[in-house]
Amino acid sequence: MDLFQTNFTSLDWGIVLIYLAGSAVVGLWANKYVGNLSDYLVAGRTLRIRLALASMTGTELGLVTVMYMSQLGFTNQYAALYLGVLEAVALLIVGGTGFVVVKLRQSAVMTIPEYYEKRYSSGVRVLGGTVMVLAGVLNMGLFLKAGSIFVTALTGLSDPQLLKWVMTGMLLLVLFYTVLGGMVSVVITDLIQFFVLGISLLIACGFILGNLELDGLQKIATDQFGYVNPFDSTKPYNSETKEAAFNVLKETDRNGIGFMTLLKDLIVVGAACFLWPTTASRTLSVKNTQVARQLYFWSAIPLLARRAIPVLLGLGAFAYFATNIDLGNEFMQQVQQEKVSTLSAMPLYLAKLIPTGLLGIIAAGMLAAFMSTHDTYLLTWSSVITQDICAPLFGPISQRTRILITRISIVVIGIMLLIWGLWYELSSDLWVYLAITGTIYFAGALPAIVGGLYWKRGTSQAATVSILLGLTGVFALEAPVVWLDAQLHAISLFSENTHLTPDIMTIFTFVLASTGYVITSLLTYKPDQHQTV
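Right under this line is the structure:
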């Protein structure tokens, strides 16, 4: 069997096109319900728990999530489940205690940077909004690339130009209904996509479980050298027979997760659960603080599933290629030659496993996930540009002008993402990239928000320092961290066997920004200075 042979036919394309056309109609219909900026940005703050939960899950279960979690499932097998567990625990704690989210909802702000001005100053708001958009667009920059890899592997498309036109058309559709309807259309389409994607994943899981059965799931750990314990820093390896999993081809492939990665991801996921703007936008859209707490508490279950189910897809791909060893070796050879990425493993597997017709439903569900993430992200970043950068800089702006600026920002960001997403070379480990680009925002925002809400001594100077220090997170990216490691060795600050890793640099960024906030606050706080907590 050819590695890139799939079951995707014109029937499946028809199913996908019908769904995409239906999504376009939603944008036209939702535009009737946009009366003011509050309607456009936060849906009039009328979301109740069921709709808010479905919308939040629909957004957070994007195609990029399915892709990077299935990639982790393929490369790390059962150990990849740790990320979902960390996130679920964080959500339960935030929902149970109301930490940050209750006070943020009580503040009646529409964006997180708006809180910066309320607590600190307009300058902090502009700076915080700028860094948020920078980190957000960097983070979102590879979403289209992940989507293109999925479409290519699932459909068997080989013409790069055709692929670019397909991805351009998908992005234009998202821009169409997001520009027209704002948060109203986003919430409605997220609800639809929540159900479509849910059905798609159920179909996929049913086929995978039927294909693997219990015996196949056990063999991943017992016979195929599957990686199970994330606390082990190395993957299973038989030193006597030199045997390992089929996708462990070189020494660096044996590197596991380990304590440092667990600690880094705990910090990142913990901060993301209440600070990531697309999640926070749901908090600011709900009816009251009680719904905000319920939203976080009950979302722990579906958001755990949004990580666990893609891991199952990755496990299925791992078992399939491990069993069909000729295909597995061919696939890994293509990966070694950088012709494909391990991100392709899951869609290639599904395209061979699921029959024609049902494969179209799967594709529609995954593309629904793609659009669900893009619409919310586009609206979030554009609203920050309008509310938190343009408005403070240029003074009073009418409601109509604000909506116009938001719509223009959506289009501009969309064009930037299209150019970047289709041409940027994707890292082999997508989750690491997403965690690092998120850190650029999280590291500075965490002390500024938590300190502002719970510590009266926090000052605007401290918030400025922490936000700026958060930018050092960019040095955790692959090329900068290698360069920085070389410089540290050149001045003999590190021993020969000690190296700076992305995990260490990410943790250091959080510590640096938080320390900077505390020290600057202690140095600049004035007892007679009024601070609203």
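Taking numbering that gives the first Met the number 0 as reference, the numbering of the sequence shown is continuous, increasing by one, and the terminal residue is 532. Yeah, the Cβ is synthetic: ideal placement off N, Cα and C, and Gly gets one too.
Worksheet entry | Cβ separation of leucine 62 and alanine 145, assumed to be a contact under 8 angstroms, to the nearest whole Å | As a working mapping, residue 62 is identified with position 63 in the sequence shown. As a working mapping, residue 145 is identified with position 146 in the sequence shown. Confirmed, Cβ separation roughly 7 angstroms.
Would you check if the stretch 99-113 and the stretch 399-411 touch, i.e. whether three or more CB-CB distances between them fall below 8 angstroms? no
Which residue or residues does DSSP assign as beta-bridge partners of alanine 243?
By 1-based counting over the sequence shown, the position of residue 243 is 244. According to DSSP, alanine 243 bridges with Tyr236.
Among the candidates Ala368, Ala279, Ala244, Lys263, whose CA atom is the shortest distance from the CA of phenylalanine 543? Outside the shown range of the chain (0 to 532) lies residue 543, about which nothing can therefore be said.
**Request:** Take the Cβ of alanine 462 as the centre, count every other Cβ of all protein chains shown within 10 Å, and call the residue buried at 16 or more, exposed below.
**Result:** Counting from one through the sequence shown, the residue named residue 462 turns up at place 463. With 16 or more other Cβ atoms within 10 Å, it is buried.
- Would you check if the stretch 370-390 and the stretch 80-100 touch, i.e. whether three or more CB-CB distances between them fall below 8 angstroms? no
Practice task
Name, in chain order, the residues that DSSP records as bridge partners for asparagine 210.
Solution key: Taking the sequence shown and counting its residues from 1, one reaches residue 210 at position 211. According to DSSP, which records beta bridges pairwise, asparagine 210 is partnered with nothing at all.
Quiz prompt | Cβ-based neighbour list, leucine 392, same chain, cut-off 7 angstroms, excluding 5 preceding and 5 following | solution = Here residue 392 refers to the residue found at position 393 of the sequence shown. Within the same chain, leucine 392 has close Cβ partners Val125.
Notebook entry, point to check: In three-state DSSP terms, what is asparagine 328?
Noted result: If you number the sequence shown from 1, residue 328 lands on position 329. Residue state, collapsed to three classes: helix.
Here's the rule I'm using: 16 or more other beta-carbon atoms within 10 Å means buried, otherwise exposed. How should serine 382 be labelled?
Locating residue 382 in the sequence shown gives position 383, counting from the first residue. The residue is buried, with at least 16 neighbouring Cβ atoms inside 10 Å.
Q. Which one or two residues does DSSP pair with asparagine 254 in a beta bridge?
A. The residue labelled residue 254 in the question sits at position 255 within the sequence shown. Answer is Thr233, bridged to asparagine 254.
Which full runs of the alpha helix (DSSP H) of 4+ residues lie inside the stretch 49-113, going along the chain?
62-75, 81-96, 100-105
Alpha-carbon to alpha-carbon, serine 340 and leucine 311:
If you number the sequence shown from 1, residue 311 lands on position 312. If you number the sequence shown from 1, residue 340 lands on position 341. Straight-line Cα distance between these residues: approximately 18 angstroms.
Q) From which residue to which residue does the alpha helix (DSSP H) around valine 125 run? A) In the sequence shown, the residue the question calls residue 125 occupies position 126. Note, valine 125: alpha helix (DSSP H), 121-139.
* To do: Find the nearest neighbour of arginine 306 within the set Leu16, Val15, Tyr77, Asp11, judged by alpha-carbon distance.
  => In the sequence shown, counting from the first residue as 1, residue 306 sits at position 307. The candidate whose alpha carbon is nearest that of arginine 306 is Tyr77.
Q. Is the stretch 455-471 touching the stretch 116-123, taking contact as three or more C-beta pairs under 8 angstroms?
A. yes
task: Just the C-alpha distance for valine 464 and threonine 400, rounded to the nearest angstrom, thanks.
output: As a position in the sequence shown, residue 464 is number 465, starting the count at 1. As a position in the sequence shown, residue 400 is number 401, starting the count at 1. Near 32 angstroms, if we compare the C-alpha coordinates of threonine 400 and valine 464.
**Request:** Provide the residue span of the alpha helix (DSSP H) that contains serine 513, from first to last.
**Result:** The sequence position of residue 513 within the sequence shown is 514, counting from 1. Looking at the DSSP string, the run of the alpha helix (DSSP H) that includes serine 513 is 501-523.
### Task
In the DSSP assignment, find the alpha helix (DSSP H) that holds leucine 417 and state where it starts and stops.
As a working mapping, residue 417 is identified with position 418 in the sequence shown. Element bounds for leucine 417: 398-422.
Query - Buried versus exposed call for isoleucine 353 [16 or more other C-beta atoms within 10 Å across all chains shown] - result: On the sequence shown, residue 353 is found 354 positions in, with the first residue counted as 1. Buried, since its Cβ has 16 or more Cβ neighbours within 10 Å.
How should lysine 234 be labelled, buried or exposed, when 16 other C-beta atoms within 10 angstroms of its C-beta is the threshold for buried?
Translated into the one-based positions of the sequence shown, residue 234 becomes position 235. Answer is buried; the Cβ neighbour count reaches 16.
Requested in this report: Report yes or no: do three or more beta-carbon pairs, one from the stretch 410-420 and one from the stretch 472-482, lie closer than 8 angstroms?
Outcome: no
Item to check | Whole-angstrom distance between alanine 475 and threonine 500, CA atom to CA atom | outcome: Start at 1 with the first residue of the sequence shown, and residue 500 comes out as number 501. Start at 1 with the first residue of the sequence shown, and residue 475 comes out as number 476. Rounded to whole angstroms, threonine 500 to alanine 475 spans 7 angstroms at the Cα level.
Beta-carbon proximity check, alanine 444 vs leucine 262, cutoff 8 angstroms = Reading the sequence shown from its first residue, position 445 is the one you call residue 444. Reading the sequence shown from its first residue, position 263 is the one you call residue 262. Contact flag unset, no.
Q | Length of the line joining the Cα atoms of leucine 156 and leucine 137 | A | The residue you call residue 156 lines up with position 157 of the sequence shown. The residue you call residue 137 lines up with position 138 of the sequence shown. Their Cα atoms are separated by approximately 27 angstroms.
Notebook entry, point to check: Any idea if phenylalanine 336 is buried or exposed, counting beta-carbon neighbours within 10 angstroms, 16 or more meaning buried?
Noted result: Taking the sequence shown and counting its residues from 1, the one referred to as residue 336 is at position 337. A small correction: the amino acid at residue 336 is glutamine; phenylalanine does not occupy that position in the sequence shown. By the 10 Å Cβ count, glutamine 336 comes out exposed.
So, helix, strand or coil for phenylalanine 296, using DSSP?
Here residue 296 refers to the residue found at position 297 when the sequence shown is read from its first residue. Correct three-state label for phenylalanine 296: helix.
*Which runs of the alpha helix (DSSP H) fall wholly inside the stretch 338-368 and span at least 4 residues, in chain order?*
344-352
What is the rounded straight-line gap between the Cα of tyrosine 226 and the Cα of glycine 313?
-> Start at 1 with the first residue of the sequence shown, and residue 226 comes out as number 227. Start at 1 with the first residue of the sequence shown, and residue 313 comes out as number 314. Taking the straight line joining both Cα atoms gives about 13 angstroms.
- Best match in Ala367, Ile412, Gly315 for proximity to glycine 140 [C-alpha to C-alpha]: The count along the sequence shown starts at 1 and reaches residue 140 at position 141. The shortest C-alpha separation from glycine 140 is found at Ile412.
**Message:** I need the DSSP call for glycine 215, collapsed to helix, strand or coil.
**Reply:** Residue mapping note: residue 215 aligns to position 216 of the sequence shown, counting from 1. Reduced to three states, the DSSP call for glycine 215 is helix.
Exercise. Give the single residue among Ile92, Asn328, Gly269, Gly472 whose Cα lies nearest to the Cα of leucine 511.
Key: What you label residue 511 is simply residue 512 of the sequence shown in a count that begins at 1. Of the candidates Ile92, Asn328, Gly269, Gly472, the one whose C-alpha sits nearest the C-alpha of leucine 511 is Gly472.
Isoleucine 198 versus phenylalanine 142 - alpha carbon distance | What you label residue 198 is simply residue 199 of the sequence shown in a count that begins at 1. What you label residue 142 is simply residue 143 of the sequence shown in a count that begins at 1. C-alpha separation (whole angstroms): 23 angstroms.
### Message
Taking the straight line between their C-alpha atoms, what separation do you get for glycine 72 and methionine 331?
### Response
Position 73 of the sequence shown, counting from 1, holds the residue named residue 72. Position 332 of the sequence shown, counting from 1, holds the residue named residue 331. Roughly 15 angstroms separates the two Cα atoms.
- Message: In whole angstroms, give me the CA-to-CA distance for threonine 64 and proline 309.
- Response: Looking up residue 64 in the sequence shown gives position 65. Looking up residue 309 in the sequence shown gives position 310. The alpha-carbon atoms of threonine 64 and proline 309 are separated by roughly 8 angstroms.
Q. Just curious, the alpha helix (DSSP H) that phenylalanine 149 is in, first and last residue?
A. Translated into the one-based positions of the sequence shown, residue 149 becomes position 150. Unbroken alpha helix (DSSP H) run through phenylalanine 149: 142-154.
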